[in-house]
Each structure stands twice: as C-alpha cells, then as structure tokens.
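Input: a single structure, listed below in structure tokens.
Residue numbers (UniProt numbering): 1 to 967.
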C-alpha cells in the first residue's frame, strides 16, 4: 500500500455512499452545533459546516439542514443558529453570501417572531438577526468585499473606485454595520447582568461566544472607516463631514468600552487577542496623523487540526445504523491502509495550513510596522523639505531687504555728493567775492597812504603859504570825506570777513559730513560683501535642494508612468472582462428564448415597440464610444459602460420579443419571430466579439444589428395589426373626465355671462351682492378646473407606473373598482357644477336662497375630495404630481370657504338693507310681532330637524346605491 500515490487518493471520484456519508456528517454537525442546551457552540462542529460549504461550493446543503431545526420553537437553538450563520458567512465559501441572500425573508420572520418574547434571549436574537441582515445587505451592495472583511489598502481603493461619492456611501454603510455590532454587544452584557451569570458559566459562555466574530468584524470596520474618512477629508470641506465625524467619535467611544470589557473577561483570554485602541480618536482635520495611524490587528490562536475526515463523525451513533449500512461502509472501495494514508495527509495539510496562517499573520504584522515606519519617515522628510523651502524663502526675503538698503544708502550718498557740490559752488563764489573785496581794500589803503603823504607836505607848506590855507582847508575837507569813505570800505571788509568765516564753518561741516558718509559707505560695503558671501552659500544650498527636488520629481514621474502603465493594463483587462460579461448577458437572454418554460409569458406589441427607441439609442452610443476608443484609449471607461448597457437593453428586447411572439395565434408566425430573435442575439454576440478583437468591421456589424432590430420591430407591428383593435376600458373614464371638463367650462362661462348681465342691469346693493357671489363662484370654478387638470396628470402617471408590461386596458381591468371610483367622482363634480350654476342663477335673479349656494359649493367640494382620494390611492407618496394635486385640493377648499363666507355676508347685507323700522310701533304691536317671531323660530327649528332626518335618509340611500353599483 505504500505505493499508493497522492493523486489517486485525493482525486478518486466520490460514490453515492460517500456523498450520503458527507451529508450525514453535515446534518449531524449542524444538529449538534445548534442543540437546545444552553452551552457555547463547539468549534469543531462549526468547522465541519464550514468545510462542507467548500466541498459543496455553496451553502445550499447548510440551509437545507439548518431550516429543519427548531428555530422558531426554541430560543437557544435560534441564538446558536445566529452564531453559526455568522461564522459561516465570515469563513465559509465565497458563494455562501450569495446563497444566503434568498433566505433573507426567513431571517426577518425569525427576528420578528423572537422580538415579541419578553425574555433577554428574544431581544438578543432580534438584534443578532438584524446584524446578519445588515451584513447580507452590505455584501450585496459591495459584492467585492469578502465575508471576513479582510482586504488590502489597494483592494479597498479598487472597491471604492477612487470615487469620493462611493467612499461617502460606503462609510455610511459601515457606520450602520458598526451600530448593529455595538447594539448587540451592549444587549449581551446587559443580559449577563440581569441573569447574574459570568463568563465562566455555560449559560454565560453561550451568550458571549458570538462576540468573537463581532470583535473581528468591528476591528476591520474601524480600520476601513478611519482610512476612508482621511480620504474624504482630503477631498471635501470639513463642514460637509461634520456628521461623519460625530458618528465616528460616538462609535469610537463605544468600541473602546466594548474592547476594554472583553479584554478583562477571563473567557476571552485564550480565545482571541483584543486590539488596543488609542486614547484619543484620530484627528481627520490633520492629514499627517494618517502616517502615525496603526491598524488594529485581531489575533486568534491557531486552530487545532482535525485528526482525519472520518474522526469528524460522532461514533456514538454508529451502533444505531442498520446492518446493511455498516456492511456497506466496511466494504467500500478504499482499503483501510489507503484511508489511514489519506487521513495522515489530511492531518499534515491541516498542520501546514495552521503554520502558514501563523506565518502569514506574522508577516502581515511586520509589514504593517514597516509600512508605518516608512510613512513616518516620508512625513519627516516632507517636513524637513518644507522647512528648507521656508528657509530659502526667508533668505530670499533677507537678500531683497539688503538690496533695498543698498539702494537707499546709494541714494543717500548721491544726495550728499550733490549737497557737497552745491556747498563747493557756494564756497567758490564767496572766495571770488572775498578776492574782489581784498583787492579793493588794498587799493583803498594805497590811496590812504598817498593822502597821508600829501597831508604831511601840506602841513609843512602851511607856514610858508597862507594863501594856500584855504585851498589846504578845502583839500583837508576832501581828505576828511575820503577818510569817511575809507571807514565805510573798512566796515565792508569786516562784514566780508565775517561772511567768509561763516562760509568756512559751513565748508568744514560739509567736509566732516562727507567724511562720515564715506566711512558709512565703507561699512555698508563690508556688510554687503558679507551678505553676498552668505547669499552665495544660500544659492549653493538652493541649487542642491533644487537638484534633490528634480531627482524626486523624476522619480515621481517614473513611478507615475509605471502606475499609468499598470492602470492601462488593468483597464484593458477590465474591458475584456466587461465585454465577456456582456456576451454572457446576451447568451443568457438567448437561453431564455430557447427555454420552453417561458411559453406562457406574454408581452404586448405596444410595450415591445416602446423598447425599440432606447435599444436603438444604446446601439448608437456604443458605436460612438467605440469610435472614440479607437482614436483615444482614455475613452475606455465610456466604452465599458455603453457595452454593458447595450448588452442589457438587447437582452431585454430579445426576451420581450420572445414573450410577444407567444401572443400570436399563428404558430408559424410566432416561430418566425422567435428565429429572428435568435438571429438578433447571434449578431449581437458577433458585434461584441468584434469589439474585443478591435475589428474594423465593428461599425458595419452595429448597423447589421440595427437592421435586425428593425426587422423584429416590423414583425411586431404586423402582429399588433393582426390582433385587431382591443376595446379600451379606460375610454369610459376618459369620456367622463371630458364631460366633467366640459361641464366645468360651461358653468364658468355661464357664471361670467350672468355677471356681465348683472353689471349691465342692476345697481346698488343688488349689483354688489350679485358681483360678490358670481366672483366667488368664478374663483371656485377656476380652482376646480385646476384640480381636475392636476388629477388627470396624476392619473396618467399612475397608469404609466402600474401597467408594467401590460397595456392600459389590462391595467383598467385589474383596477376596475378604482376606475369606477374615478367615473363616479367625475359625474359628481359635473352634477355639482350644474347645481352651483342653477343656484347662482336663482340667487342672481332673486328667486333663490343663499343657502342653496352654500350647499352647492360644499357638495362640489366633497365631489372634488372624492376625486382627490381616488387619485391618491394608487399614487406614489413622493410624486410631484401628488403634491400638486394636494395643493390644488387645498385651493378648492379655500375657494369653497370663500363662497360660503360670501353667501353669508351677502345674506347679512340683504337683511340689513331690509330691516324694518320699529321706531313707530306701539307696545301692543311690538308684543304681537315678538310672538309671531317666536312662532316662526319654532316652525323653522322643526323644519330644520325634519330636513336633517330627510338628508340622512337620502345619504344612506345614496351610499347603498353607490355600493351596489361598485359591486
């Protein structure tokens, strides 16, 4: 037996006995897993059920056996069923979630049943069922999300399609999922307090065991919510996401409390490792905190490997098997040695699987730590780069300030030079004046010396010549005058010297200021040289940073190019997958056409004709999208959408055309139409294959499909003509509504005519009364006309929404009571309009009473209310036409109130005008009139009571007749 190879052991075809044995194992394990004893579910029984889903590649066998249990009779069985189903949905075959969707209604029934039980288990079962339904709905809306919710960041982005709207909706769905988990755990812990049980008692473990998969789901949901909220805050304003943040903060506190409670329970210490949440929730307004975020990881201990497949069967029930079954088991086709070898191989595989799970978990933890370190390093480098950029900006600003200072100093130096030039020019001018004064002074001194010499010679000659005394005196006077002139010249010289001293002082000050400016210029030049040196260093650092930035940009461009190439490859693969899916849709439609089970399904040619336009438009869009794709590969997404949409519309048209062929009385004609449908499906498949191959004949093939579509449409039209004209039951409704419109129009025209006549013939109080009454009646008729218009729009919408694939005739047949209600309401409105016209005519002519107007207006308002109610019965609550009809009904009510108020006010006006003059009555006459008035009041009260009884009898008879007519 040692030569028996592994493929021969594992690939042997299962016999019916093996299948029966596996089914017996499944049913036995499920029955033991959901037994009625208040203990926790054993893992080995759940594992057998999970393995069974992989063997059967679905959950049909599981649901077949589990629905036979006492789910609606025993509360413990129902609670354990919820636990087992949760584990199956998380760890079972991927097909399990899809197979379980059809049993969603059964789950709702179980939850509603146990909801009314005044026991803690009833509430727990209801909350658990709601959690399971939420999980099924979440996976239905997000089919790419696995049952265990374990996806990578790249897979999460692929699921979200990098669309903010998708992330927004997924976050809301995950919040709902998390709320159900937190509500369940809160109820479980609350029930433990009520029952005074702890985590180590069997009843306590029975309630606490389902919290383990809840912890696993909650950890994954928390991680994805954090990541998607950071993405949303990076693309949307913070105010828009205020509700998301508030909801996350509440769930963060509840989840932290949940983890802390579970962490301190002895029961969970060896079953699961609870992740630790941070003290404070993430701040989504700071994107850098995403780099420091650490994903919480739930660690489960390695599962004990199953010894062998045969050991999964409870041998305690073996003796209960009949003898023939025991003999057939021992006389199987596989020898005991082969079974032992297979069992050892299975055990080896389980052990290897457990070891690889531990290794994979360790690798994932290390990978997360490495990714966190790298993200932290990237954030640190980005902060350093940002700081360097800020320093460069600061140095640039400093250099600009220094340049400005240099310009200012240069301007000051230029101004000082100009001022020195002005002072130098002034000094030169003063110097020239001083030179001239000096020369004049020297000349005067010389003249004075000559005068002194002449005066001495004249004194010497005075004694010698008296005759010359007079001349001498005259000359002396001249000399005295000359001396005065000399003294004036001397004063002028002194003043010039003082001015020269001041000019010298100003020159010295200007020279000193010039020297200080030169020293300052030297100091600024030295500082300029230092700043230029620092600027040179900063420029070199800037060049180094620019080189690094250039390298980083080049690396980013290479990464972007690689990502773009990978994205193009992935999009092309997605295009092929979508086109394959489009082919599958058309093939499925062709299978429906060939299926004899749909021979009883019918469709009207009119409805088929309504499908022609959208199908033809889909073909046009596909042709345009394909042309754009051939010229620009970036239009691949539009081609994917149009291909799927075109395949869907063609498939719908194919099936409806097949259903239309079933209405033909001519069998050969129906077969012909069916053959054309098959031909249309074949041409559609050829068109999809041409698109996949990028064939140049794709556009021509689209035209071929369109011609085939027109051919089927022509056959359907001929079938419609062959069927003949069908009597439209709705014609009666239409005729009554038309008659009602006509009656309202005639009444409105007649009231306007009476108003014109009254204005021409009457005057005074009568004209005022007639005008008010006819105006109020006109407003009422206008409001009724508007209500009837809105009612007809709503009825058209109801018929369009309710007839489905049938015709309007079939819709009215199915809803004949509703149609008769419309007819009755229309007749009542027409009669009310005529009655209001007669009452207003009598009142205007003076032969009627104001009460007739009140009754007529109230009656027509009641008829319109009947029309509103009949229209509202089948209308959509969110319909805009229904809102418009309600508004029109409110306006009719207001107009009716206006008629009643007008009639009363006009009646009072007439009475006031006709009040008798009692000022001239005697005591006897006044008493007699008082007694007559009392008698009249009693007579009127008696008549009123009689009329009320008559009115009630008429109403009962009217309701009885209306019920008989409706029946």
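All C-beta atoms, glycine included, are put in the ideal place defined by N, C-alpha and C.
Delimiting residues of the alpha helix (DSSP H) encompassing residue i
i: residue 206; result: 202-208
i: residue 628; result: 612-631
i: residue 681; result: 667-693
i: residue 96; result: 95-101
i: residue 247; result: 242-263
i: residue 106; result: 104-115
i: residue 228; result: 211-235
i: residue 135; result: 120-141
i: residue 279; result: Taken as a continuous stretch (DSSP letters only), residue 279 belongs to no alpha helix (DSSP H), as it is neither H nor E.
i: residue 286; result: Counting along the chain, residue 286 falls outside any alpha helix (DSSP H), and DSSP gives it neither H nor E.
i: residue 80; result: 75-91
i: residue 154; result: 153-160
i: residue 874; result: No alpha helix (DSSP H) holds residue 874; DSSP gives it neither H nor E.
i: residue 643; result: 636-661
i: residue 42; result: Note, residue 42: premise wrong, no alpha helix (DSSP H); not H, not E.
i: residue 968; result: Since the first residue shown for the chain is 1 and the last is 967, residue 968 is missing from the structure and cannot be characterised.
Own chain partners of residue i with C-beta closer than 7 Å, once the 5 adjacent residues on each side are dropped
i: residue 711; result: 676
i: residue 585; result: 647, 648 and 651
i: residue 892; result: 783, 784, 787, 861 and 864
i: residue 184; result: 127, 128, 131 and 214
i: residue 856; result: 832, 835, 836 and 839
i: residue 222; result: 255 and 296
i: residue 690; result: 697, 698 and 701
i: residue 104; result: 133 and 136
i: residue 615; result: 649, 650, 653 and 709
Own chain partners of residue i with C-beta closer than 8 Å, once the 5 adjacent residues on each side are dropped
i: residue 327; result: With a pLDDT of only 37 at residue 327, under 50, the local geometry of the prediction cannot be trusted, and the value read off the model is given with reservation. Correct list: empty, nothing qualifies.
i: residue 237; result: none
i: residue 678; result: 590, 593 and 594
i: residue 956; result: none
i: residue 633; result: 568
i: residue 106; result: 67
i: residue 382; result: none
Bridge partners - residue i, DSSP secondary structure assignment
i: residue 292; result: Bridge partners of residue 292: none, in fact.
i: residue 299; result: 273
Supposed close pair residue i, residue j - CB separation, criterion 8 Å
i: residue 388; j: residue 576; result: Their Cβ separation, rounded to whole angstroms, is 48 Å, which puts residue 388 and residue 576 out of contact at 8 Å.
i: residue 875; j: residue 798; result: 6 Å
i: residue 140; j: residue 101; result: 6 Å
i: residue 66; j: residue 81; result: 6 Å
i: residue 597; j: residue 643; result: That pair is no contact at about 29 Å.
i: residue 548; j: residue 392; result: The pair is not a contact, with the Cβ atoms about 12 Å apart (cut-off 8 Å).
i: residue 167; j: residue 232; result: 6 Å
i: residue 399; j: residue 535; result: 5 Å
Spatial neighbours of residue i in its chain, beta-carbon cut-off 6 Å, leaving aside the 5 residues before and after
i: residue 206; result: 38, 39 and 40
i: residue 70; result: 77
i: residue 950; result: none
i: residue 379; result: 288 and 291
i: residue 635; result: 628 and 629
Does the count of Cβ pairs from the segment 685-704 and the segment 662-669 closer than 8 Å reach three? no
Could you check whether the segment 279-287 touches the segment 238-251, counting it as contact only if at least three pairs of C-beta atoms, one from each stretch, sit closer than 8 Å? yes
Evaluate the contact criterion for the segment 182-190 versus the segment 107-119: three or more CB pairs, one atom per stretch, below 8 Å. no
Are the segment 558-574 and the segment 615-630 touching by the rule of at least three beta carbon pairs closer than 8 Å? no
Measuring CB atoms only, is the segment 200-220 touching the segment 253-268, in the sense that at least three cross pairs come out at less than 8 Å? Judged by Cβ distances under 8 Å, the segment 200-220 makes contact with the segment 253-268, as three or more pairs qualify.
Between the segment 60-68 and the segment 222-241, are three or more C-beta pairs nearer than 8 Å? no
The segment 362-371 / the segment 264-276 touching (three or more Cβ pairs under 8 Å): no
The segment 125-134 in contact with the segment 178-185 per 3-pair CB rule at 8 Å: yes
Closer than 8 Å is the cut-off here; do at least three beta carbon pairs connect the segment 45-57 with the segment 84-91? yes
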